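Working notes, beginning with the structure itself.
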Amino acid sequence: EHRQALHKEYEKIITNCDEFRQKLIEQKEDPNQHLLIQQVVAWENNSIKKIQQTAEECRQTLLKHTNDSLIETENKLNKFISDSKQIRQEDEFNEFHLNQLKKLLEELKKEFDQPLNISIHEGSTAFINKISVSTNDKRAFNISQNYGDLSGTWKCDDGGLYYIRQLDNAIWWFGAQQVATKRQPIFSNVLHGMIDSSMINAQWCDIPLGRDRHSGSITLEIIGVGELKKTSYTGSFCGSIWKRQ
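Taking this note's numbering, I'd label the letters of the sequence shown as residues 70 to 314.
Next up, the structure:
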């Protein structure tokens, strides 16, 4: 019964690892689904929406006022043409009149291109909050490729069996020593650690299925492809050498 409970707990840990791995695979296939990328997309969409809304408001204001300005300029132009024809018919124009006509025409052209009562201003305050990305490229851990995947069953010199699961540079294990089928195991513990090159730095603790209630830290050295060696620890962790089964 206790052995069955141990296997159920181990299978639960493995299921969680597999689900997490699936998330990693999905994100590698579609990086845009990452939460941080989605935050950038949301900022982009909101910024575009603000710009489009402001541009539309300004556009509508300009359409109304420029239309009024065009009508006014057209009226002035019609009067200008009428007056110039009148002067010519009366044959009373001279150089002064011609210069005045040129000046009025130039003023109408300028008023057409840039109405005197309409202008566009850009504010000095930030309209859209700028975002940036800060990165820290220092890697806390370096995974050595020389030892392969540590996942599997390992036998320790303390008599226990350890079920290890590795996911990238993260490692979990569940260990137990069963002395008889109907008795509690002498110990059962779980561990979570990170692989840095050939070393594993981890935290461990006993779980209720075992007789003891200890916890601490432990450092393991990866010796080749099938051996782990304890180099330091805190707490009462008895095992020293693990070999792959």
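Beta carbons are placed, not taken as given, at the ideal position from N, Cα and C, and that holds for glycine. Just so you know, these numbers come straight off a predicted model, no measurement behind them.
From the options, residue whose alpha carbon lies closest to that of residue i
i	options	result
Asp227	Trp242, Gln158, Ser286 and Phe306	Phe306
Tyr302	Trp311, Arg313, Lys312 and Thr288	Thr288
Asp152	Leu139, Leu131, Pro100 and Leu174	Leu174
Lys298	Ser203, His283, Gln235 and Trp223	Trp223
His190	Asn163, Ser266, Cys127 and Lys172	Cys127
Ser266	Ser284, Ile292 and His283	Ile292
Arg234	Gly192, Cys86, Phe165 and Gln73	Cys86
Ala195	Ser116, Ser284, Glu125 and Gln121	Ser116
DSSP state of residue i mapped onto helix, strand, coil
i	result
His261	strand
Asp243	Note that residue 243 is Phe in the sequence shown here, rather than Asp. The answer is strand: DSSP assigns Phe243 an E or B state.
Asp275	strand
Ile94	helix
Glu180	helix
Ile292	strand
Thr84	helix
Ile197	coil
Asn168	helix
Tyr79	helix
Ala209	With a pLDDT of 45 at Ala209, under the threshold of 50, the predicted position of this residue should be treated as unreliable, though the coordinate-derived value follows. If DSSP states are grouped into helix, strand and coil, Ala209 belongs with coil.
Leu219	coil
Ile269	strand
Gln107	helix
Ser286	strand
Val310	Just to set this straight, residue 310 is Ile in the shown sequence, not Val. DSSP places Ile310 in strand when its eight states are reduced to three.
Ser151	helix
Ile233	strand
Residue i vs residue j beta-carbon contact at 9 Å
i	j	result
Met268	Glu290	yes
Leu93	Asp218	no
Cys225	Tyr232	no
Ser21	Gly308	One cannot answer for residue 21 here, as it falls past the ends of the chain, which runs 70 to 314.
Gln102	Gln96	yes
Phe149	Leu167	no
Ile200	Trp112	yes
Cβ separation of residue i and residue j, assumed to be a contact under 8 Å, to the nearest whole Å
i	j	result
Val259	Trp273	7 Å
Lys119	Ile197	6 Å
Thr123	Ile187	With 8 Å as the limit, Thr123 and Ile187 do not qualify as a contact, their Cβ atoms being about 17 Å apart.
Lys75	Ala271	Residue 75 is actually Leu in this sequence, not Lys. Not really, about 20 Å apart at Cβ, beyond 8 Å.
Ile276	Ser257	5 Å
Arg313	Gly221	6 Å
Glu180	Thr142	6 Å
Leu177	Leu139	Leu177 to Leu139, Cβ: 11 Å. No contact.
Thr243	Ile106	A small fix is needed here, since residue 243 is Phe in this sequence, not Thr. Wrong, their Cβ atoms sit about 35 Å apart, outside the cutoff.
Q) Which runs of the beta strand (DSSP E) fall wholly inside the region 114 to 146 and span at least 3 residues, in chain order? A) none
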